[in-house]
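Worksheet: the structure to be examined is printed underneath.
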Amino acid sequence: MSIWEKLTELPREIVMTLVLLSIIVPALNPLGLPLMTGQMSQDWYDTVDALPADSVVLFDIGYGSGGYPSLGPGNIAAFHQMFNKDLKIVIMATALEGTLMYPLVMAGVNPESNYGAVYGEDYVFIGYVAGTQTAMAGVLGDLHDLVTNDYLGNPISGMSILDDVAGADDFDLVAYVTTSGDIAEGWVYQAYSQYNCDVIGGTLSMMTTSIKPYYDSGQLLGIMDGIKGAADLEFLTGHPGDAIVSSDILTFSQALVLIFIAVGNISFFMTRKGGGN
Amino acid sequence: MVSMDVSIWIAAFFTIAATSYAFRDNVVFKFAEYTFIGVAAAHQIVMGVKNIRDYGWTKIMEGQIIYVIVFVLGILLYARFHREYYWLYRFPIAFLVGNGVGISIRAAIHSDFIVQIMETARTPLIAGDAMGTINALITFVGAVTAIFHFIFTQEKLHQGTVGWIPKIGRWMMLLAFGASFGNTIMSRFGMYQGRIIFLLRDWLQVI
Amino acid sequence: MDYKRDIPLAITFLVGIIAIGDYYTGIEAVTQTFNVIKNWGIVLQGFALGLGAVNLLRVHGKRISERRGGTDWYFSAWLLLMLAVHIILGLVTGRYEQGETYSWLYNAIYLPLGSTMYSSLAFYMAYGAYKVLRARNFDAALLFITAVLVIIGNTPMFPAIYPGFFHMREWIFGPIVSGAYRGVRIGIGIGAVVLGIKTLIGMETGYLGRR
Numbered sequence: 164m165s166i167w168e169k170l171t172e173l174p175r176e177i178v179m180t181l182v183l184l185s186i187i188v189p190a191l192n193p194l195g196l197p198l199m200t201g202q203m204s205q206d207w208y209d210t211v212d213a214l215p216a217d218s219v220v221l222f223d224i225g226y227g228s229g230g231y232p233s234l235g236p237g238n239i240a241a242f243h244q245m246f247n248k249d250l251k252i253v254i255m256a257t258a259l260e261g262t263l264m265y266p267l268v269m270a271g272v273n274p275e276s277n278y279g280a281v282y283g284e285d286y287v288f289i290g291y292v293a294g295t296q297t298a299m300a301g302v303l304g305d306l307h308d309l310v311t312n313d314y315l316g317n318p319i320s321g322m323s324i325l326d327d328v329a330g331a332d333d334f335d336l337v338a339y340v341t342t343s344g345d346i347a348e349g350w351v352y353q354a355y356s357q358y359n360c361d362v363i364g365g366t367l368s369m370m371t372t373s374i375k376p377y378y379d380s381g382q383l384l385g386i387m388d389g390i391k392g393a394a395d396l397e398f399l400t401g402h403p404g405d406a407i408v409s410s411d412i413l414t415f416s417q418a419l420v421l422i423f424i425a426v427g428n429i430s431f432f433m434t435r436k437g438g439g440n
Numbered sequence: 004m005v006s007m008d009v010s011i012w013i014a015a016f017f018t019i020a021a022t023s024y025a026f027r028d029n030v031v032f033k034f035a036e037y038t039f040i041g042v043a044a045a046h047q048i049v050m051g052v053k054n055i056r057d058y059g060w061t062k063i064m065e066g067q068i069i070y071v072i073v074f075v076l077g078i079l080l081y082a083r084f085h086r087e088y089y090w091l092y093r094f095p096i097a098f099l100v101g102n103g104v105g106i107s108i109r110a111a112i113h114s115d116f117i118v119q120i121m122e123t124a125r126t127p128l129i130a131g132d133a134m135g136t137i138n139a140l141i142t143f144v145g146a147v148t149a150i151f152h153f154i155f156t157q158e159k160l161h162q163g164t165v166g167w168i169p170k171i172g173r174w175m176m177l178l179a180f181g182a183s184f185g186n187t188i189m190s191r192f193g194m195y196q197g198r199i200i201f202l203l204r205d206w207l208q209v210i
Numbered sequence: 153m154d155y156k157r158d159i160p161l162a163i164t165f166l167v168g169i170i171a172i173g174d175y176y177t178g179i180e181a182v183t184q185t186f187n188v189i190k191n192w193g194i195v196l197q198g199f200a201l202g203l204g205a206v207n208l209l210r211v212h213g214k215r216i217s218e219r220r221g222g223t224d225w226y227f228s229a230w231l232l233l234m235l236a237v238h239i240i241l242g243l244v245t246g247r248y249e250q251g252e253t254y255s256w257l258y259n260a261i262y263l264p265l266g267s268t269m270y271s272s273l274a275f276y277m278a279y280g281a282y283k284v285l286r287a288r289n290f291d292a293a294l295l296f297i298t299a300v301l302v303i304i305g306n307t308p309m310f311p312a313i314y315p316g317f318f319h320m321r322e323w324i325f326g327p328i329v330s331g332a333y334r335g336v337r338i339g340i341g342i343g344a345v346v347l348g349i350k351t352l353i354g355m356e357t358g359y360l361g362r363r
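Protein chains in written order, with my numbering: chain A, 164 to 440; chain B, 4 to 210; chain C, 153 to 363.
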């Protein structure tokens with residue numbers, strides 16, 4: 164077997180071990196590389212930044228354990244920005260695990276101690292609503308008809324944040340962070356298409372290409388593009404967290420993938436050339 | 004100093020167990036897999052019951068007796084497991100499908116079709132500078148040729164000189180799919196890095 | 153008339169038409185009816201969430217009772233035990249917010265398993281890139297070029313050396329991705345609408361299950 168044939172047939176265990184090491188080593192020895200902010204994340208930040216104080220934002224936690232490592236930090240950074248701007252946030256979950264993501268995210272934001280926010284006045288969590296687009300249509304159509312209590316069982320009729328919020332016309336911005344294509348499209352369909360709401364969306368990087376047409380056509384005013392977008396938001400909001408740390412680690416792991424691609428292709432072509440001779 | 008928290012040790016065990024499959028299928032991974040399936044299904048039930056209670060039962064308690072019909076329909080969903088009366092589940096499923104389809108297609112026509120075509124039509128092909136013009140042309144050519152690629156009912160469209168249009172569309176889509184692949188790599192690695200950070204920071208406490 | 157199929161098809165049509173009518177007409181009666189349908193739909197979705205668990209119960213219950221597959225039934229028993237424990241804890245503890253114990257179990261079991269299962273595909277992506285991502289022909293080369301350029305742009309080290317790599321990545325996501333995916337999105341939209349209309353008028357009946 165020639166050296167090129169051996170390089171095309173590296174055992175799986177070796178490849179997987181190298182991948183694992185490429186993630187562990189930089190985590191132990193971070194490089195602290197500079198970050199370049201993408202335009203989509205900048206537009207997310209600018210859209211929220213342009214809102215005056217006391218604007219009402221409908222925020223959907225549409226992800227679970229699968230998306231938490233990359234979207235959780237971005238969600239935390241987004242909340243930091245919104246609380247810092249004294250925005251009113253109506254939080255809901257269209258993902259099954261959203262109700263369990265909420266306490267994790269809030270532990271990272273700590274709105275009471277960091278921003279003096281009061282639950283029921285500055286923010287409220289109405290909990291999980293089943294049905295994806297049906298849930299979105301229900302909340303945007305007539306919130307008080309659908310929802311009686313918040314997630315903690317408190318009647319929403321007594322909450323000042325929801326006194327003047329009946330439906331879509333009362334939300335100044337709809338924001339979501341999700342790992343689901345249905346939820347990402349759903350908010351564009353239900354919030355923008357039906358009610359012409361301003362919408363910003365956060366998704367995994369691999370979903371960015373499929374929702375980019377919405378961003379290009381103005382249906383989405385900004386996109387938080389996975390771990391990259393989360394790192395951008397952490398940088399822009401001045402709250403560095405796990406996303407910026409992860410970005411550093413990406414250097415080695417992605418460089419390893421490039422090496423694999425190069426080795427695979429060079430050995431493929433050299434083997435084919437040798438076989439041709 | 005390694006963490007003393009039991010939940011972190013359990014989480015670390017399951018993280019390593021789930022990762023082990025990348026190297027070789029093994030009984031530890033199988034244990035983790037079955038645990039995950041059981042817990043995930045349980046969580047669905049828990050959230051389902053809470054949803055029924057919060058959005059259904061509370062309505063009945065408020066006096067909206069008509070919601071009893073919804074509860075009957077909901078129970079009929081489980082008729083699909085019955086050998087003889089499985090067809091009863093078609094009634095609630097028909098309701099769900101009609102609702103889902105109606106809600107999504109009414110807006111899809113606007114968002115996925117009208118707005119996209121409007122945006123393609125109104126973007127000027129000649130921009131202020133050379134790069135802007137090139138970008139506008141690439142976007143326009145990409146959008147139009149990609150649509151042509153999906154016209155499969157007209158065979159002649161894919162033949163001869165005209166056949167270059169869907170061919171260019173395919174090339175444009177391949178370029179875009181390559182970008183999507185590159186982003187997918189970053190996405191998956193970004194997610195897994197979160198687990199490694201957990202193991203090193205929260206469990207082993209070496210960073 | 154086969155009432156077992158025709159009545160459900162009629163329900164699908166009626167409910168769908170009301171949903172579409174709410175969007176396109178301003179008729180108050182239609183909007184009011186659709187509000188009711190929406191709220192009913194949310195409750196029904198809650199009922200539908202239990203279907204997966206019931207199916208698991210059937211499949212794994214059968215495996216346990218038949219003691220099939222050597223020691224496989226031990227795993228099935230463990231699965232059902234986890235199912236039962238979590239359901240009891242989730243429903244009995246914590247009226248509204250999740251109980252402390254349930255949250256503890258979620259953070260110890262579900263969260264790490266869910267994140268790791270989802271993200272461990274990173275290994276397969278790297279292995280796939282090594283084994284399969286080859287510029288074998290012109291078509292594959294096109295995919296290969298943008299994949300490599302985007303990966304380079306996403307790797308912080310390269311833009312740190314030369315910012316042009318990042319701008320190249322941004323440019324690829326500009327006209328190239330925007331143009332092609334706009335065409336894809338229009339295609340998806342047309343396909344979704346056609347499939348939806350076929351479903352509403354009864355030409356697509358897969359959701360009704362076996363005859």
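Glycine residues also receive a C-beta, built at the ideal position from the N, C-alpha and C atoms.
Note that the structure is predicted; figures quoted are calculated from it, not measured.
Could you check how far apart the C-beta atoms of residue i and residue j are, in whole angstroms? I think they sit under 8 Å.
i: L383 (chain A); j: S204 (chain A); result: Not confirmed; about 12 Å, so no contact.
i: I328 (chain C); j: L178 (chain B); result: 5 Å
i: Q205 (chain B); j: I11 (chain B); result: Contrary to the premise, residue 205 (chain B) reads as Asp rather than Gln in this sequence. Contact flag correct, Cβ pair sits at about 6 Å.
i: F242 (chain A); j: V268 (chain A); result: 7 Å
i: N312 (chain A); j: D57 (chain B); result: 7 Å
i: L196 (chain C); j: L99 (chain B); result: 6 Å
i: G304 (chain A); j: N187 (chain C); result: 6 Å
i: G202 (chain C); j: I48 (chain B); result: 5 Å
Quick one, are the C-beta atoms of residue i and residue j less than 8 Å apart?
i: L419 (chain A); j: I303 (chain C); result: no
i: E172 (chain A); j: F26 (chain B); result: no
i: H238 (chain C); j: H46 (chain B); result: yes
i: M255 (chain A); j: V220 (chain A); result: no
i: R15 (chain B); j: L203 (chain B); result: The identity of residue 15 (chain B) in the sequence shown is Ala, whereas the question assumes Arg. No, Cβ-Cβ distance for A15 (chain B) and L203 (chain B) is not below 8 Å.
i: A278 (chain C); j: V182 (chain A); result: yes
i: F334 (chain A); j: S185 (chain A); result: no
i: G237 (chain A); j: G364 (chain A); result: no
i: V340 (chain A); j: L234 (chain A); result: yes
i: R321 (chain C); j: L347 (chain C); result: no
i: S222 (chain A); j: A338 (chain A); result: It is Phe, not Ser, that sits at residue 222 (chain A) in the sequence shown. Yes, these two residues count as a Cβ contact at 8 Å.
i: I346 (chain A); j: G227 (chain A); result: no
i: G389 (chain A); j: S368 (chain A); result: yes
i: V104 (chain B); j: T298 (chain C); result: no
i: G331 (chain C); j: F143 (chain B); result: yes
i: T268 (chain C); j: L413 (chain A); result: no
i: A97 (chain B); j: L91 (chain B); result: no
i: A338 (chain C); j: Q157 (chain B); result: For clarity, residue 338 (chain C) is Ile in the given sequence; the question names Ala instead. Against a cut-off of 8 Å, the Cβ pair of Q157 (chain B) and I338 (chain C) comes out as no contact.
i: V75 (chain B); j: G59 (chain B); result: no
Taking the alpha-carbon of residue i as reference, which of the options has the nearest alpha-carbon?
i: P311 (chain C); options: A:S380, A:L196, A:V302; result: A:L196
i: L170 (chain A); options: A:M387, A:N428, A:K436; result: A:N428
i: G316 (chain C); options: A:T297, A:L194, A:M199, A:L234; result: A:M199
i: T253 (chain C); options: C:L241, C:R219, C:D154, C:V346; result: C:L241
i: M179 (chain A); options: B:Y195, B:R56, B:V165; result: B:Y195
i: P215 (chain A); options: A:F222, A:Q244, A:P232, A:V188; result: A:Q244
i: V209 (chain B); options: A:S165, A:E168, A:I187, A:W167; result: A:I187
i: E87 (chain B); options: C:K156, C:G204, C:E356, C:R337; result: C:K156
i: G197 (chain B); options: B:E65, B:F34, B:T18, B:A44; result: B:T18
Return the CA-CA distance between residue i and residue j, expressed in angstroms with no decimal places.
i: Y24 (chain B); j: A406 (chain A); result: 26 Å
i: G230 (chain A); j: M189 (chain B); result: 13 Å
i: V9 (chain B); j: I40 (chain B); result: 22 Å
i: D217 (chain A); j: P174 (chain A); result: 58 Å
i: G439 (chain A); j: A146 (chain B); result: With a pLDDT of 48 at G439 (chain A), under the threshold of 50, the predicted position of this residue should be treated as unreliable, though the coordinate-derived value follows. Whole-angstrom Cα-Cα distance: 40 Å.
i: D285 (chain A); j: I159 (chain C); result: 48 Å
i: N102 (chain B); j: R219 (chain C); result: 42 Å
i: I289 (chain A); j: Y314 (chain A); result: 5 Å
i: L294 (chain C); j: G172 (chain B); result: 12 Å
- Item | Uninterrupted beta strand (DSSP E) stretches inside the segment 48–120 of chain B (no shorter than 3 residues) | Within the segment 48–120 of chain B, no complete beta strand (DSSP E) run reaches 3 residues.
- Task: Entirely within the segment 300–346 of chain A and at least 4 residues each: give me those alpha helix (DSSP H) ranges in chain order.
- Result: As for any alpha helix (DSSP H) of minimum length 4 sitting wholly inside the segment 300–346 of chain A, the runs are 306–309, ordered along the chain.
- Length at least 4, wholly inside the segment 210–254 of chain A: the alpha helix (DSSP H) runs in chain order: For the alpha helix (DSSP H) assignment, the uninterrupted runs of no fewer than 4 residues enclosed by the segment 210–254 of chain A are, from N- to C-terminal side, 231–247.
- Can you list, in chain order, the stretches of the alpha helix (DSSP H) that have 4 or more residues and sit fully within the segment 262–324 of chain C? Entirely contained in the segment 262–324 of chain C, the alpha helix (DSSP H) runs reaching 4 residues are, in chain order, 263–271, 273–283, 290–306, 309–313, 316–323.
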